[in-house]
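Numbering (the working numbering), first residue to last: 4 to 193.
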């Protein structure tokens, strides 16, 4: 085989494969851009060790439901903290609605209501959702409104859509004051 023929064949092969290589290279940046649009909110369960598995399940429910924000457990440097204890008003979220604050899990309430629903509901506040107590059990943000037998701990399509919309542009500095949102409808602003 002549050297000229081998060189011509190699050039022809390179030209023929160029569109395949270009298609592969084009696909990679789209995936990178999609991943860059996801905002990670780090949370800590160290203040609520009794409810760690329920908190993680509630976070997993959100992670499998929304695409623009991801909840990741981390022991230090978390912007969202879970704590446990007793409060006569029950569980609450103290948050600015943009991934930071404190979620309090009340022992008594967690004995009456499904704890994964409580943690997922309160996490919904940290993601920007308000309460809707008159809603059906199928609405996570209806909280305790449907009663103690409700075990739905995943956001419905409207709640998923709203969180995806709120987090569409990633984390933005939010100077909104923190609010403590109680199950009885009381909202305190700090």
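Every residue, glycine too, gets a C-beta built ideally from N, C-alpha and C.
If you're wondering where the values come from, they're calculated on a predicted model, not measured in any experiment.
1) Can you name the start and end residues of the alpha helix (DSSP H) that residue 166 belongs to?
2) Relative to the alpha-carbon of residue 99, which residue among 133, 129, 125, 62 has its alpha-carbon at the smallest distance?
3) Hey, residue 136 and residue 81: beta-carbon distance below 8 angstroms or not?
4) Are there 16 or more other CB atoms within 10 angstroms of the CB of residue 62, so buried, or fewer, so exposed?
5) Select from 171, 43, 52 the residue whose C-alpha is nearest the C-alpha of residue 106.
6) From the DSSP output, in three-state form, read off residue 44 for me.
7) I'd like to check one pair, residue 50 with residue 76: are the Cβ atoms closer than 8 angstroms?
8) How would you write the range of the alpha helix (DSSP H) that residue 55 sits in, first residue to last?
9) Measure from the alpha carbon of residue 65 to the alpha carbon of each residue in 117, 143, 90, then state which is nearest.
On the basis of the data shown:
1) 160-169
2) It is 129.
3) no
4) buried
5) Measuring from the Cα of residue 106, the nearest candidate turns out to be 52.
6) Strand, per DSSP.
7) no
8) Where residue 55 is concerned, the enclosing alpha helix (DSSP H) stretches over 55-66.
9) 143
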